[in-house]
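Here the sequence shown is numbered in the UniProt record's numbering, starting from 1 and rising by one per residue. Below: the structure, in structure tokens.
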Amino acid sequence: PKASPSPNASPRLPSRDELAEQELQSFLRDLEADVKPSSSKYNRVPRQPPTNSSIPSTRNNDGEEPLSEQLLPKTMSCRVAFDEAFYCNSFGGRFNDLYRYGNLRSCSEHWDNFWFCMRTRGYSEKEKEAAIMEHYRKKEIMKYAKAFGKESSENVWKSREKKLDWGEAFNVPFPDFDGSDEEWNRQQAEWRK
Numbered sequence: 001p002k003a004s005p006s007p008n009a010s011p012r013l014p015s016r017d018e019l020a021e022q023e024l025q026s027f028l029r030d031l032e033a034d035v036k037p038s039s040s041k042y043n044r045v046p047r048q049p050p051t052n053s054s055i056p057s058t059r060n061n062d063g064e065e066p067l068s069e070q071l072l073p074k075t076m077s078c079r080v081a082f083d084e085a086f087y088c089n090s091f092g093g094r095f096n097d098l099y100r101y102g103n104l105r106s107c108s109e110h111w112d113n114f115w116f117c118m119r120t121r122g123y124s125e126k127e128k129e130a131a132i133m134e135h136y137r138k139k140e141i142m143k144y145a146k147a148f149g150k151e152s153s154e155n156v157w158k159s160r161e162k163k164l165d166w167g168e169a170f171n172v173p174f175p176d177f178d179g180s181d182e183e184w185n186r187q188q189a190e191w192r193k
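Structure (structure tokens):
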């Protein structure tokens, strides 16, 4: 006969190590969910140009919100954020810092991105989308803040006011130039003034 537990026996509480193991397994399951093929990170760039019926019309949004708002990401992969932060602290990341910048750079921005992503995992879809857009909006502002002595690419390139439709970009042929190199350089110098 099977012995039944006594009614006043309390259930066994998990040890500290068992709790830590459960939390680790839960965290790993969450990260594993990010690498499944159904994840949006594998669907960012279409392999072939989409058909006209599948392209969302940008004409409706032109007056509603600026292009800079339309281009802000609405999703974020915690796995990618972790990989970037981990790489930054690795030998390869540190070698990159020395090679490209001549000194070691802080990895805190990468870790901030990772922990931000982890905090948003519990948000509803709408809250998560808004929080991620705000996070990237702040990053863009800081990236080009002239108050911090940072320059913008707009000092060289003209900013677009609206999205281009699919196939519109780079369709203008480059004009032929029959002059000499000196004439070309002089013309370019005049154009840049």
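Just so it is clear, CB atoms sit at the ideal spot from N, CA and C, and this is done for glycine as well.
Item checked: C-beta contact flag for residue 74 and residue 133 at 7 angstroms -> Along the sequence shown, read from residue 1 onward, the residue named residue 74 stands at position 74. Along the sequence shown, read from residue 1 onward, the residue named residue 133 stands at position 133. Yes.
Next item on the list: Decide if the segment 72 to 87 is in contact with the segment 126 to 143; the criterion is three or more beta carbon pairs, one per stretch, under 8 angstroms apart.
Entry: yes
Check: For residue 117 versus residue 76, is the C-beta distance shorter than 7 angstroms?
Finding: As a first step, residue 117 is located in the sequence shown; it is residue number 117 there, counting from the start. As a first step, residue 76 is located in the sequence shown; it is residue number 76 there, counting from the start. The answer is yes: Cβ separation under 7 angstroms.
Next item on the list: Using three-state DSSP, classify residue 176 as helix, strand or coil.
Entry: Numbered from its first residue, the sequence shown carries residue 176 at position 176. Looking at residue 176 - three-state DSSP - the assignment turns out to be coil, as it is neither helix nor strand.
Check: CA-CA distance, residue 187 and residue 114?
Finding: Sequence index remark: in the sequence shown, residue 187 carries index 187 (1-based). Sequence index remark: in the sequence shown, residue 114 carries index 114 (1-based). If you take the alpha carbons of residue 187 and residue 114, they lie about 48 angstroms apart.
Checklist line | Spatial neighbours of residue 107 in its chain, beta-carbon cut-off 7 angstroms, leaving aside the 5 residues before and after | finding: Taking the first residue of the sequence shown as position 1, residue 107 is located at position 107. For residue 107, where only same-chain residues beyond five positions count, the Cβ hits under 7 angstroms are 85, 88, 89.
Notebook entry, point to check: Hey, quick one: how far does the alpha helix (DSSP H) through residue 108 stretch, first residue to last?
Noted result: In the sequence shown, the residue the question calls residue 108 occupies position 108. 108 to 120 is the span of the alpha helix (DSSP H), which, as asked, contains residue 108.
Notebook entry, point to check: For residue 123, which of helix, strand or coil comes out of DSSP?
Noted result: Against the sequence shown, residue 123 aligns to sequence position 123. In the structure shown, residue 123 sits in coil (DSSP, three-state: anything other than H, G, I, E or B).
Checklist line | Own chain partners of residue 93 with C-beta closer than 8 angstroms, once the 5 adjacent residues on each side are dropped | finding: Residue numbering aside, residue 93 sits at position 93 when the sequence shown is read from its first letter. Closer than 8 angstroms at the Cβ level, and outside the excluded window around residue 93, lie 87, 107.
Next item on the list: Give me the Cα-Cα distance between residue 184 and residue 172, rounded to the nearest whole angstrom.
Entry: On the sequence shown, position 184 is the one that residue 184 refers to. On the sequence shown, position 172 is the one that residue 172 refers to. Straight-line Cα distance between these residues: approximately 20 angstroms.
Item checked: Option nearest residue 83 by Cα separation, candidates 177, 23, 20, 111 -> As a working note, residue 83 is residue 83 in the sequence shown. Comparing Cα positions, the closest option is 111.
Next item on the list: Find out if the Cβ-Cβ distance for the pair residue 24, residue 162 is shorter than 7 angstroms.
Entry: Counted from its first residue, the sequence shown places residue 24 at position 24. Counted from its first residue, the sequence shown places residue 162 at position 162. No. Outside cutoff.
Checklist line | Reduced DSSP category for residue 168 - H, G, I as helix; E, B as strand; rest coil | finding: As a first step, residue 168 must be located in the sequence shown, where it is residue number 168. Reduced to three states, the DSSP call for residue 168 is coil.
Next item on the list: Tell me whether residue 26 sits in a helix, a strand or coil according to DSSP, three-state version.
Entry: In the sequence shown, residue 26 corresponds to position 26, counting from 1. Helix, per DSSP.
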